[in-house]
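Down below is the structure, laid out as structure tokens.
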Amino acid sequence: MPFIYWTPDLDTGFDDIDEQHKVLVQYINDLYDAKEKGDKQAISEVFQHLIDYTVEHFSYEEMMLQEADYHLIEPHKKVHANFVSKMNMFQSRYNNGDNEALDELLNLLEGWLFRHIRLNDHGYVDSVKKAGVR
């Protein structure tokens, strides 16, 4: 059973961005599944994949916002950087034996991604469309 679910209200209308968001949801569910199974190797692997893919997605999204000359790009980039920093901190704690770090990360992920999409990402849709970038 998935930990979190993608719902249609999360769609931005940009197929590439929506697909990337869905991959993030899958990684979060995979991390949760690995935790539930107690599979430490899978946890470590999925954790790293989640961070790597998140960085890749954020870079892609920021490039699109740059092309669109989005007026709130700097605050958006700051939100991304802060989130990646938190993920790295949780990973470091987990790798140093702090098993609670994984639960804390999952609690953060459960709400953060969807709030970010609904508030931050949906906020750039009109600007990107007007700029003709997508």
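Just add 5 to wherever you are in the sequence shown, counting from 1, and you've got the numbering used here.
Don't be surprised by glycine CBs; every beta carbon is placed ideally from N, CA and C.
Counting only runs of 4+ residues fully inside the region 33-88, write out the alpha helix (DSSP H) ranges in chain order.
-> Within the region 33-88, the complete alpha helix (DSSP H) segments of 4 residues or longer fall at 45-72, listed in chain order.
State the DSSP-derived secondary structure class of Pro7, mapped to helix, strand or coil.
-> coil
Chain-order list of residues whose beta-carbon lies under 6 Å from that of Leu107 (same chain, five-residue window excluded) | Lys40, Tyr99
Looking at Met6 and the ligand SAM, is the gap between the Cβ and the nearest heavy atom below 8 Å?
-> The ligand SAM is not part of this structure, which contains no ligands at all.
Would you mind sorting Tyr129 into buried or exposed? The rule is 16 or more other CB atoms within 10 Å of its CB.
-> buried
Can you round the beta-carbon distance between Ile48 and Leu36 to whole angstroms, since I take them to be within the 8 Å contact cut?
-> 7 Å
Find out if the Cβ-Cβ distance for the pair Asp126, Glu66 is shorter than 9 Å.
-> Taking 9 Å as the Cβ cut-off, Asp126 and Glu66 qualify as a contacting pair.
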